[in-house]
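Notes for the one structure printed next.
2 protein chains.
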Amino acid sequence: MGDAKQAYDALITEVKQIATLGSCANVLGWDEQTYMPKGGVKHRSEQLALLAGLTHERFTCTQIGDWLAEVEGSDLVSDRLSVEAVNVRELRQSYDRETKLPKDLVQELARMTTIGQQAWAEARSDSDFAAFQPHLEKILDLKKKEAAALGVGKTPYDALLDEYEPGETTDNLTNVFSALRNELVELVGAIVDSGNKPNMDIVKRLYPKDKQAEFGQMVASQIGFDFDCGRLDETAHPFCSGFGPGDTRLTTRYDEHYFPQALFGTMHEAGHGIYDQGLNADYYGTPMGNSVSLGIHESQSRMWENFVGRSNAFWTHFFPKAQTTFPDALGQVSQDDFYFAVNNVEASFIRVEADEVTYNLHILLRFEMEQALMNGGLNVADVPGVWNETFEKYFGITPPDDAHGCLQDIHWSFGGIGYFPTYTLGNLYAAQLFEQARDDVGDLDAQFAAGEFLPLKSWLNEKIHKPGQKYRASELVDVVTGKPLSHAPLIRHLKTKFGSLYGIG
Amino acid sequence: MGDAKQAYDALITEVKQIATLGSCANVLGWDEQTYMPKGGVKHRSEQLALLAGLTHERFTCTQIGDWLAEVEGSDLVSDRLSVEAVNVRELRQSYDRETKLPKDLVQELARMTTIGQQAWAEARSDSDFAAFQPHLEKILDLKKKEAAALGVGKTPYDALLDEYEPGETTDNLTNVFSALRNELVELVGAIVDSGNKPNMDIVKRLYPKDKQAEFGQMVASQIGFDFDCGRLDETAHPFCSGFGPGDTRLTTRYDEHYFPQALFGTMHEAGHGIYDQGLNADYYGTPMGNSVSLGIHESQSRMWENFVGRSNAFWTHFFPKAQTTFPDALGQVSQDDFYFAVNNVEASFIRVEADEVTYNLHILLRFEMEQALMNGGLNVADVPGVWNETFEKYFGITPPDDAHGCLQDIHWSFGGIGYFPTYTLGNLYAAQLFEQARDDVGDLDAQFAAGEFLPLKSWLNEKIHKPGQKYRASELVDVVTGKPLSHAPLIRHLKTKFGSLYGIG
């Protein structure tokens, strides 16, 4: 036991240092997206490759394996839910994973994805897929090497999925998603048949950028994001990055003639940020101080964005404030009309601006294409064509250009293949957790209408954030809600909300 | 020779990597000053301490010493001005220096100065020296340990000076500065006796911040700072930080009722930035791709700020543009009155806002106090009192509070003791180099009046920036101007310019 304790302490000290080193890369990555001049990209790629190599090297050092082996099986980890047991279980998983990846590959990925992100940003702004194609080809090639080195699951795509959502498989997702799709298609049909449509002009009036920024900050602050330990900036693609205890960065983007974009983007990222700020700082750098998975992370962002931000109760509190902030746009508008407009269900090109109902169809398209890219069934050069064909099939409309099609998302440029499915998982988790919160926290609608968001935030802090990686995603949902994951809560939520909005209940 | 070449190549590869790692800390340091929320300071100090420790550890590895020893004395370095010889000479110097510093001390300094800078910023904003005192005491204590470990020169202060201006000594500076002081005191006396004063109201009118930022960017760009490879932000204390090839960051600060502050601050930092951008990127991370010393760096910033920016010829080009940008403030003002106002000579509290004549007296005060702090003749607790007394003696006025006195500068909070004297050295170098540029480049005044700054910039690129550390500061000045450093050029410049302005020629 004495030796095991010593080994455990040494292990924790080292992994905390590695996490601190890794967090330097987060600062550099954030700067790259926010403020870096374009001339800086080459050197930035060298910096990030170096840091990626160093953290990989340190984490895959045989000493880590030795320490792990010394603790495993000892009394220190006999209670499987103790801090020590959880840390050792998850570190073992990461160690086994990382040791399979050669350092050269890790560094090359860091280098190529730094350059790839810049290339993507320019290609997207010019809607020029050809400019991005060689970068995506290189990145895809590296991701195939990564999947082969990992050798997890039945297919290369499984290996990548497992990185973002440990234990998840293509087969399981295919089942869950197809059950979901059937229900969604039926609901979309009913909505179209209803013939009802909100007046979208309301949200397309002039909303000055500085006022949007002010309003977004106010909302993010009130739902519980702490700006003494974070900030909000503007980027081409919104994201949230945690640098470590006390420093969590959000970004959003503004369209002066489309109000929902920046605000719901801000709330979405604030949801991620509230999770990050809710992690146990004492366990920083260890699994007990880390988030569970991307799917669980996304459940937090989607909950604040959709279940809170797009609810009628939320606007009972905030609509009068929005009217004061945007008197020209909203002075003569009713809350009901505004609420309907921010919940417009419609086939649209941009995933992050999609409504709650059609959103998951955007994910299904990417899920299918990623599998094809990874298994060789689709060449990078054919991505724009296949994207547009599939889009037409799913949504009945064709993107006017690649900026509104296959170039819209940053993910592939940073190597995030297998990442998209976690967004739909996040929607499913969010719905199931939110149903449970309604039971546990009391009348959430009444609270939101009174501007009280702390009860929900505290519940999430307690149930989801503070436990770190004590449970894997599926077990966590089971522990918190008493039920395994199901698509039923999401469908219930959508049918109730949109049934009422579109008069199809 | 084969072995020497191999050792040299391995050495260069390794020091380039170390430089890249060190440059990550520059990004984190810049972010700390510009955008970091206050909650992030503790973790940031851990990140920077870790990076400082890692770079120190790698650079002091005995392998570096072995490679150096293998190259030294070989044919590869027989020509003392070859790239190889210069790199080996300067790396040897740095290696011997760094190996004297224990890693614990290096890390503790990084940690304490990160926290110290935040504490300083708050203390300065509250004008509360007591809040900063314990931080300064800790930092001073660490700097004493650093000086003792280095053991360079006759006094602990010599050891610190040597870090910023290799080879410089307290004795030598005392001599140069006292010769300078006598001439300055005489000139200030003549200016006061002239009874002439500019109309300072001109520069104290309302200059909207966004217009100042726009004007400053335009000027910085036109004198040759490349914004594709850099940017300009706002901080409490202006600085320039080079992150590596292609990315150089400037900051400034704005006072809407004092025009000179932001513009000349911007030009000053742009001068540093132009040096950084002018370094040979092929030699990045090695002495041949580094700046010579802080004094030479400051010669570049002061040249663009004062010898260019505060010249009449410069305003012949830019004053009409300033009138267009600030029509309310400058529409009815003559260029002569404006030129006189931005060259007002007057005892003032803030160093960075001081005129060219009194500026060096601010440095002398700090030079004396730093020596006293280091040799134990002055306790930190007594700094405010002694500062104010000495200030009264030098300038005939007493700071109204510590924010305008001993808390005004960031330097001590980042451990930059021994840094200030390089500012006066910079003024001396600038004057001597500028005289030479007048001989070499042609009629600079005519060029400036026509908005042509590229000839001077190209001359500096060629003579000062591209050679990297080929020469030490004093040798560089001798090589470029054909004469050893002297205070005469600065005095000549000041007498000519201010003699004419104040009618005392």
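Sequences listed follow chains A and B, in order. The first sequence maps to residues 1 to 505 in my numbering. The second sequence maps to residues 1001 to 1505 in my numbering. Glycine included, C-beta positions come from ideal geometry on N, C-alpha and C.
Practice task
In the DSSP assignment, find the unbroken beta strand (DSSP E) run with residue 234(A) in it and report its ends.
Solution key: For residue 234(A), the enclosing beta strand (DSSP E) stretches over residues 230-234.
Problem - Neighbour list for residue 247(A) in chain B, Cβ cutoff strictly below 8 Å - result: Within chain B, 1036, 1037, 1039, 1040, 1043, 1044 have C-beta atoms less than 8 Å from the C-beta of residue 247(A), given in sequence order.
Problem - residue 395(A) and residue 347(A) closer than 7 Å at C-beta - result: Going by C-beta atoms, residue 395(A) is nearer than 7 Å to residue 347(A).
Practice task
Please list the partners that residue 231(A) has in chain B, where partner means a Cβ-to-Cβ separation under 7 Å.
Solution key: Those are 1035, 1037, listed as they occur along chain B.
Practice task
Could you confirm whether any beta carbon from chain B is found closer than 7 Å to the beta carbon of residue 27(A)?
Solution key: So yes, residue 27(A) belongs to the interface.
Exercise for the section: With 7 Å as the threshold, decide whether the Cβ of residue 1047(B) is near any Cβ in chain A. Expected result: Chain A contact via Cβ: present.
Practice task
Mind checking which residues open and close the beta strand (DSSP E) that includes residue 1241(B)?
Solution key: Run containing residue 1241(B): 1240-1244, per the beta strand (DSSP E) assignment.
Handout entry: Three CB pairs or more closer than 8 Å across the region 1461-1481 of chain B and the region 1288-1298 of chain B
Key = With a cut-off of 8 Å, the region 1288-1298 of chain B and the region 1461-1481 of chain B count as touching, because enough Cβ pairs lie within range.
Exercise for the section: Taking only the alpha-carbon atoms, compute the straight-line gap between residue 1023(B) and residue 448(A) and give it to the nearest angstrom. Expected result: In a straight line, the C-alpha of residue 1023(B) is about 46 Å away from that of residue 448(A).
Handout entry: Where residue 406(A) meets chain B, residues with beta-carbon distance less than 7 Å
Key = Here the premise fails: no neighbours, minimum Cβ distance about 28 Å.
Handout entry: Spatially closest choice to residue 1277(B) from 1263(B), 1242(B), 1257(B), 1254(B), by CA coordinates
Key = Answer by Cα proximity: 1242(B).
Practice task
Starting from the C-beta of residue 46(A), find all residues in its chain whose C-beta is less than 8 Å away, skip the five residues before and the five after it, and write them out in chain order.
Solution key: Non-local beta-carbon contacts of residue 46(A) in its own chain, meaning distances under 8 Å to residues more than five positions away in sequence, involve 111 in chain order.
Handout entry: Rounded distance between the beta-carbons of residue 1285(B) and residue 1016(B), thought under 8 Å
Key = The Cβ separation is near 4 Å, so the contact holds.
Exercise for the section: Return the first residue and the last residue of the alpha helix (DSSP H) that residue 247(A) is part of. Expected result: Unbroken run through residue 247(A) is the beta strand (DSSP E), 247-252; no alpha helix (DSSP H).
Exercise for the section: Within 10 angstroms of the Cβ of residue 1218(B), are there 16 or more other Cβ atoms? Answer buried if so, exposed if not. Expected result: So residue 1218(B) ends up on the exposed side.
Exercise for the section: Under 7 Å Cβ to Cβ from residue 342(A), same chain only, skipping five residues before and after it: list those, please. Expected result: Only 203, 260, 310 meet the Cβ criterion.
Practice task
Return the CA-CA distance between residue 1327(B) and residue 1211(B), expressed in angstroms with no decimal places.
Solution key: Cα to Cα, residue 1327(B) sits roughly 11 Å from residue 1211(B).
Exercise for the section: Can you give me the Cβ contacts of residue 192(A) inside the same chain, cut-off strictly under 6 Å, excluding the 5 residues immediately before and after it? Expected result: Excluding positions up to five away in sequence, the list is empty.
Exercise for the section: Closer than 8 Å by beta-carbon distance: list the chain B residues that pair up with residue 94(A), in chain order. Expected result: Neighbours of residue 94(A) on chain B: none; closest Cβ ~20 Å, over 8 Å.
Problem - Through-space distance from residue 1065(B) to residue 19(A), alpha-carbon basis - result: The alpha-carbon atoms of residue 19(A) and residue 1065(B) are separated by roughly 31 Å.
Practice task
Would you kindly work out how many angstroms separate the C-alpha atoms of residue 358(A) and residue 1331(B), rounded to a whole number?
Solution key: Distance from the CA of residue 358(A) to the CA of residue 1331(B), rounded to the nearest whole angstrom, comes to 58 Å.
Problem - Partner residues on chain A for residue 1241(B), Cβ-Cβ distance less than 7 Å - result: From the beta-carbon of residue 1241(B), no residue of chain A is found nearer than 7 Å; the closest lies around 12 Å away.
Exercise for the section: Would you identify the three-state DSSP class for residue 1397(B), choosing helix, strand or coil? Expected result: Reduced to three states, the DSSP call for residue 1397(B) is coil.
Problem - Below-7 Å beta-carbon distance, residue 1278(B) vs any chain A residue - result: Not an interface residue.
Handout entry: Interface flag, residue 61(A) vs chain B, CB-CB below 7 Å
Key = Chain B, which has no Cβ nearer than 7 Å to the Cβ of residue 61(A), makes this no.
Problem - Bounding residues of the alpha helix (DSSP H) (the contiguous stretch that carries residue 1225(B)) - result: In the DSSP assignment, residue 1225(B) falls outside any alpha helix (DSSP H) and carries neither an H nor an E.
Practice task
Specify whether the region 124-142 of chain A and the region 378-388 of chain A touch according to this definition: at least 3 beta carbon pairs, one from each stretch, less than 8 Å apart.
Solution key: Taking 8 Å as the limit for Cβ pairs, the verdict is that the region 378-388 of chain A does touch the region 124-142 of chain A.
Problem - Residue span of the alpha helix (DSSP H) that contains residue 1177(B), given as start and end - result: Element bounds for residue 1177(B): 1170-1194.
Problem - Partner residues on chain A for residue 1535(B), Cβ-Cβ distance less than 8 Å - result: With chain B running from 1001 to 1505 in the structure shown, residue 1535(B) is simply not present.
Handout entry: C-alpha distance - residue 1316(B) paired with residue 1339(B), whole-angstrom precision
Key = C-alpha separation (whole angstroms): 9 Å.
Problem - Neighbour-count burial assignment, residue 1069(B), 16 or more Cβ in a 10 Å radius - result: It counts as exposed.
Handout entry: Proximal residues, the region 1005-1030 of chain B versus chain A, C-beta separation under 7 Å
Key = Sequence-ordered contacts of the region 1005-1030 of chain B with chain A read 1017, 1020, 1021, 1023, 1024, 1027, 1028 [C-beta pairs closer than 7 Å].
Problem - Buried or exposed (CB count within 10 angstroms, at least 16 for buried), residue 206(A) - result: With fewer than 16 other CB atoms across the displayed protein chains lying within 10 angstroms of its CB, residue 206(A) is exposed.
Problem - Contact the region 484-497 of chain A vs the region 414-430 of chain A: 3+ CB pairs below 8 Å - result: Verdict: yes, contact present.
Handout entry: Selection from 1175(B), 1120(B), 1187(B), 1251(B) that minimises the alpha carbon distance to residue 1038(B)
Key = When 1175(B), 1120(B), 1187(B), 1251(B) are compared, the shortest CA-CA separation from residue 1038(B) is found for 1120(B).
Exercise for the section: Using a Cβ cut-off of 7 Å, pull out every chain A residue sitting near residue 1228(B), in sequence order please. Expected result: Correct list: 37, 38, 39.
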